[in-house]
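**Q** Mapped onto this note's numbering, the consecutive letters of the sequence shown carry residue numbers 1 to 361.
Glycine included, each C-beta is placed from N, C-alpha and C at the ideal position.
Computed from a predicted model, the values in this text were never measured in an experiment.
Sharing a structure, written as structure tokens. Questions coming.
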Amino acid sequence: MPSFMVWLLAVPLVCIAGWWSLRFLPVALAWHKPLPYAIALVRFLWLPALLLALLAGLTGHWVLAGLALMECLVVIAGLSPYFRRILTPQGHLDASYETADDLTVMTLNCRFGQARARDIIDALLHYDVDVLALQELSSDLVKSLESEGLGKLLPYRQLGQELPGDNGGFNGIWTRLETISSTPKILDIPAAQSPAITVHLNRVDQSAQVGRAANLAATGATSVQVLKPQNDTEITLVSTHPKSPMRGLRHWSDGITGLASLVHGPSGTRSSTQATSLIVMGDLNSGLDHSSFRSLLAAGFTDASLAQAQGFTRSFPSWIPWPRLELDHVLTTGPLSTESIRPLTIPGSDHLALIARLRFG
């Protein structure tokens with residue numbers, strides 16, 4: 001009969017294996033409580049597996065030690081997509097490195113409108129941001145941002161309508177690129193409205209060029225570079241924030257998977273938005289281990305962090321360095337590559353901002 005120590009080691013090993021396998025549940029099943037929370041934590045299961053391997057080795061249970069070590073390696077292998085290009089030189093986000101084919105975007109969950117407006121503006125100036133997507137906005141924060149000069153830096157904006165059912169606040173998007181069209185709600189998901197702006201990269205107006213010159217001067221750059229792509233490129237920019245599981249498990253799942261309709265319509269046909277490239281930014285309340293998020297990758301989106309593949313861009317929670325989760329994302333379609341992406345602390349928010357430099361061609 002197995003000894004007490006064998007049971008003490010074997011039962012947790014079985015539990016770890018079962019827990020990790022939850023990440024493979026289909027979307028139709030993975031939204032039931034408490035699965036969204038449990039799946040979010042599977043990436044950390046390497047730690048108890050490693051501890052069990054050490055304990056099994058110290059007590060002479062070598063078979064169980066080998067199984068535990070194997071579990072540890074399997075969990076780590078599931079994280080490998082974030083490190084595929086770890087040996088590749090990392091791109092730069094400094095304004096002086098920006099080329100004519102680059103676009104710098106920033107996204108931030110503002111935590112019920114509590115993020116500090118001045119720090120957001122400072123980040124825009126330092127990184128010469130072209131597009132700003134904010135979630136969980138309040139009217140007071142929008143006013144504070146405007147009083148700090150946001151309208152001069154990024155003169156075009158579209159806000160979602162503020163509604164009673166918003167999850168933490170409404171969403172907004174700002175850009176220095178001249179707007180072709182905009183809408184407060186580009187798609188219907190059970191969450192705060194997802195505002196969108198369609199821009200033409202060959203239509204950068206004079207005020208935007210002045211704004212870029214001011215940004216570069218503020219960061220110490222010696223020359224001004226304006227986006228001048230080789231062909232006419234239209235991009236639809238979206239700020240979105242599906243609900244968290246605590247605000248409704250089914251709404252959480254449907255809000256994430258519903259973003260796929262930006263790439264393909266409900267019937268699976270090509271959507272009208274695909275006359276353009278897409279950049280979808282926001283707090284998606286999900287990560288690679290969630291099947292709902294992977295459904296977006298299967299639909300045709302590219303995640304900027306996974307494309308860079310030089311490490312994690314964990315964004316939540318902001319108040320502890322570990323453990324953090326990748327809940328905030330920059331998703332793209334079309335001829336866009338990721339030059340660099342990094343998280344950034346903005347005081348007042350419980351999320352880190354993400355700043356990404358994207359390149360066309």
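Determine, using beta-carbon pairs with one atom in the segment 315-329 and one in the segment 283-298, whether at least three such pairs fall under 8 Å.
**A** Yes, the segment 315-329 touches the segment 283-298.
**Q** So, helix, strand or coil for residue 4, using DSSP?
**A** It is helical.
**Q** Could you tell me which of 299, 354, 154 and 338 sits nearest to residue 326, measuring between CA atoms?
**A** Among 299, 354, 154 and 338, the Cα nearest to that of residue 326 is on 354.
**Q** Based on DSSP bridge pairs, tell me the residues matched to residue 170.
**A** According to DSSP, which records beta bridges pairwise, residue 170 is partnered with 137.
**Q** Distance, Cα to Cα, residue 248 vs residue 191?
**A** Their Cα atoms are separated by approximately 10 Å.
**Q** Please report the residue range of the beta strand (DSSP E) in which residue 234 lies.
**A** Start and end: 234-240.
**Q** Just to confirm before moving on: does the CB-CB distance between residue 199 and residue 172 stay below 8 Å?
**A** Not a contact, by the Cβ cut-off of 8 Å.
**Q** Out of 339, 321, 300 and 311, which one is the CA nearest neighbour of residue 351?
**A** Closest option to residue 351, Cα to Cα, is 321.
**Q** If I measure Cβ to Cβ from residue 260 and keep anything under 7 Å in the same chain, skipping five residues before and after, which residues do I get?
**A** So the qualifying residues of the chain are 295, 296 and 299.
**Q** Going by beta-carbon coordinates alone, are residue 105 and residue 130 separated by less than 8 Å?
**A** Cβ distance < 8 Å, so residue 105 and residue 130 count as in contact.
**Q** For residue 84, which of 166, 359, 108 and 308 has the nearest alpha-carbon?
**A** When only C-alpha atoms are compared, the closest one is 308.
**Q** Under the assumption that residue 46 contacts residue 72 (Cβ atoms under 8 Å), give the Cβ distance between them as a whole number of angstroms.
**A** Their Cβ separation, rounded to whole angstroms, is 5 Å, which keeps residue 46 and residue 72 in contact under 8 Å.
**Q** So, is residue 32 buried or exposed, given that buried needs 16 or more other C-beta atoms within 10 angstroms?
**A** It counts as exposed.
**Q** Is the beta carbon of residue 306 closer than 8 Å to that of residue 280?
**A** It is not a contact, given that the beta carbons lie outside the stated cut-off.
**Q** Starting from the Cα of residue 193, find the closest Cα among 133, 334 and 68 and give me that residue.
**A** The option with the nearest alpha carbon to residue 193 is 133.
**Q** Do the segment 176-191 and the segment 116-127 meet, that is, are 3 or more Cβ pairs less than 8 Å apart?
**A** The segment 176-191 is not in contact with the segment 116-127.
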